[in-house]
Ligand code: SF4
Ligand code: SF4
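In full-length UniProt numbering, the protein residues as written are 1 to 128.
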């Protein structure tokens with residue numbers, strides 16, 4: 001599965017909210033597949049990924065918020081010691097992000113500019 005790095009966070013904070021119905025349904029399927037199969041191999045995508053496919057902000061493969069989301073992607077990679085094109089299991093990546101981002105100030109640093117931040121801040125992580 002190709003996932004842009006900041007989506008490693010969004011998947012773990014997903015509560016059924018999204019940009020539209022199609023996106024939310026697509027995201028729900030992905031979240032539940034990963035919960036069932038934590039050994040799924042994840043490759044860090046540079047640019048739009050398997051989740052962006054159903055997003056209304058994806059214009060011909062480019063996110064309309066590309067500057068902001070690329071900064072978040074770069075920060076997640078730096079903090080998690082990971083690189084674009086590199087692969088690891090969902091279990092490994094989600095655990096690394098929990099320990100190094102959600103359980104530290106990095107969460108605020110990386111996500112504060114996101115429109116969903118207040119919701120995510122109050123959301124318990126449901127992927128274990
Ligand atoms: S605040 Fe935004 S980027 Fe961060 S986990 Fe939530 S939806 Fe994803
Ligand atoms: S296209 Fe942009 S806004 Fe939509 S899911 Fe992808 S990164 Fe997020």
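Quick reminder that beta carbons are idealized off the backbone N, C-alpha and C, glycines included.
This structure is a prediction, so every number in the text was calculated from the model and none was measured.
Terminal residues of the continuous beta strand (DSSP E) containing residue i?
i: residue 43; result: 41 to 44
Tell me the residue span of the alpha helix (DSSP H) that contains residue i.
i: residue 87; result: Premise fails: residue 87 lies in the beta strand (DSSP E), 87 to 89, not in any alpha helix (DSSP H).
i: residue 174; result: Because the chain is modelled from 1 through 128, residue 174 falls outside the range shown and cannot be assessed.
i: residue 55; result: Unbroken run through residue 55: none, as it is neither H nor E.
i: residue 7; result: 7 to 13
Taking 7 Å as the cut-off, decide whether the C-beta atoms of residue i and residue j are in contact.
i: residue 104; j: residue 15; result: no
i: residue 26; j: residue 54; result: yes
i: residue 114; j: residue 13; result: no
Tell me, to the nearest whole angstrom, how far the beta carbon of residue i is from that of residue j; I am working on the premise that it is less than 8 Å.
i: residue 91; j: residue 39; result: 6 Å
i: residue 97; j: residue 8; result: 5 Å
i: residue 31; j: residue 48; result: Not quite, the Cβ-Cβ distance comes to about 18 Å (not below 8 Å), so this is no contact.
i: residue 130; j: residue 125; result: Summary: the structure shown does not reach residue 130, with the chain confined to residues 1 through 128, and so no result is reported for it.
i: residue 102; j: residue 56; result: Residue 102 to residue 56, Cβ: 27 Å. No contact.
Can you confirm whether the stretch 70 to 79 touches the stretch 100 to 116 when touching is taken to mean that 3 or more C-beta pairs between the two stretches lie within less than 8 Å? Result yes; three or more Cβ-Cβ pairs closer than 8 Å.
Should the stretch 81 to 97 be regarded as contacting the stretch 53 to 69, the criterion being three or more beta carbon pairs within less than 8 Å? Counting C-beta pairs closer than 8 Å gives fewer than three between the stretch 81 to 97 and the stretch 53 to 69, which falls short of the contact rule.
Segments of 4+ residues assigned as alpha helix (DSSP H) that fall wholly inside the stretch 76 to 123: Counting only unbroken stretches of 4 or more residues, the alpha helix (DSSP H) elements lying wholly within the stretch 76 to 123 are 90 to 97, 106 to 111, 117 to 122, in sequence order.
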